[in-house]
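Numbered according to the UniProt record's numbering, the sequence shown spans residues 1 to 133.
Down below is the structure, laid out as structure tokens.
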Amino acid sequence: MIGIIVAGHGNFASGITSMLELVVGKPENYEYIDFLQGESQEALEDDYREKLDNLKDCEKIVIMTDITGGSPFKSAVTYAVSDERLNVISGTNVPMLVELIFRRMNSDDSEDLIQSSMEAGKEQIVRFHKDML
Numbered sequence: 001m002i003g004i005i006v007a008g009h010g011n012f013a014s015g016i017t018s019m020l021e022l023v024v025g026k027p028e029n030y031e032y033i034d035f036l037q038g039e040s041q042e043a044l045e046d047d048y049r050e051k052l053d054n055l056k057d058c059e060k061i062v063i064m065t066d067i068t069g070g071s072p073f074k075s076a077v078t079y080a081v082s083d084e085r086l087n088v089i090s091g092t093n094v095p096m097l098v099e100l101i102f103r104r105m106n107s108d109d110s111e112d113l114i115q116s117s118m119e120a121g122k123e124q125i126v127r128f129h130k131d132m133l
């Protein structure tokens, strides 16, 4: 099974997780990390260690963060450099996460899952225009 960690600033991770559980139920091998205001980099890295330990039986782990260059992203990259199981994606949105959750039930190919997740995220960015009616 492919594990998933969602991490971000403020309540990004818990918020997107709450929405996800409402829509698709509680996913297996799934963890989240909120990096709250005033929290130290050391505390964030402790959170990552804990969540990675919880997913130690997963062959691959996809870490999905909110923004490139932020502390949750940088910490994830630090772990990914030394752990080949880890893949880090930033710019996470709801369609990406839903795609990843559903497709991983039928696939162990992390590269395929990551690509389809990123495509789903891009395709679901839509600006309404009255001609759409």
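Where a beta carbon is used, it is the ideal one built from N, C-alpha and C, also for glycine.
None of these values were measured; they are calculated from a predicted model.
What residues match up with Tyr86 in a beta bridge as DSSP calls it? Translated into positions along the sequence shown, residue 86 becomes position 86. Residue identity differs from the one stated: residue 86 is Leu in this sequence, not Tyr. Looking at the DSSP assignment, Leu86 forms a beta bridge with Ile61.
In this structure, what does DSSP give as the bridge partners for Phe73? Here residue 73 is taken as the residue at index 73 of the sequence shown, counted from 1. For Phe73, which the question treats as bridged, DSSP gives no partner whatsoever.
Taking 8 Å as the threshold, find out whether the stretch 9-28 comes into contact with the stretch 43-53 through three or more Cβ pairs. no
The alpha helix (DSSP H) that contains Phe12, what's its start and end? Mapped onto the sequence shown, residue 12 falls at position 12. Start and end: 12-24.
Label Ala13 either buried or exposed according to how many other C-beta atoms from any shown protein chain fall within 10 Å of its C-beta, with 16 as the threshold for buried. Residue 13 sits at position 13 when you count from the first residue of the sequence shown. Buried: at least 16 other Cβ atoms inside 10 Å.
Short check: CB of Ser110 to CB of Lys60, under 8 Å? Taking the sequence shown and counting its residues from 1, the one referred to as residue 110 is at position 110. Taking the sequence shown and counting its residues from 1, the one referred to as residue 60 is at position 60. Yes, Cβ-Cβ distance for Ser110 and Lys60 is below 8 Å.
Just curious, the beta strand (DSSP E) that Ile114 is in, first and last residue? Residue numbering aside, residue 114 sits at position 114 when the sequence shown is read from its first letter. Taken as a continuous stretch (DSSP letters only), Ile114 belongs to no beta strand (DSSP E), being part of the alpha helix (DSSP H) at 110-123.
Can you look up Glu31 in the DSSP assignment and give me helix, strand or coil? Residue mapping note: residue 31 aligns to position 31 of the sequence shown, counting from 1. Glu31 falls in the strand class under three-state DSSP.
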